[in-house]
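Single-structure report; data block below.
In full-length UniProt numbering, the protein residues as written are 1 to 71.
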């Protein structure tokens with residue numbers, strides 16, 4: 001079965017697809033930057049608690065980011 005929608009609906013669908021791809025790419029860049037920031041802070045000998053306070057996250061979140069950066 002072939003179903004066609006209006007050009008307007010098709011354009012909106014394509015716009016949403018593009019936005020979703022861009023969002024995923026931005027999220028990956030954000031995650032990479034956060035992992036790098038934690039790696040730099042820890043290499044500079046900031047404790048887990050200090051890094052957490054600096055970035056406004058929990059100590060366990062710093063640990064998660066640190067583990068992700070190592071893998």
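Yeah, the Cβ is synthetic: ideal placement off N, Cα and C, and Gly gets one too.
The beta-carbon distance between residue 69 and residue 39, rounded to whole angstroms, is 5 angstroms. This is short enough to meet the 8 angstroms contact definition. Annotation: residue 65 to residue 2 spans about 47 angstroms, alpha carbon to alpha carbon. When rounded, the separation of the alpha-carbon atoms in residue 21 and residue 12 is 14 angstroms.
The continuous alpha helix (DSSP H) containing residue 35 extends over residues 7-43.
In the assembly as shown, residue 53 is an exposed residue. Its beta-carbon has fewer than 16 other beta-carbons within 10 Å. With fewer than 16 neighbouring CB atoms inside 10 Å of its own CB, residue 5 falls in the exposed class.
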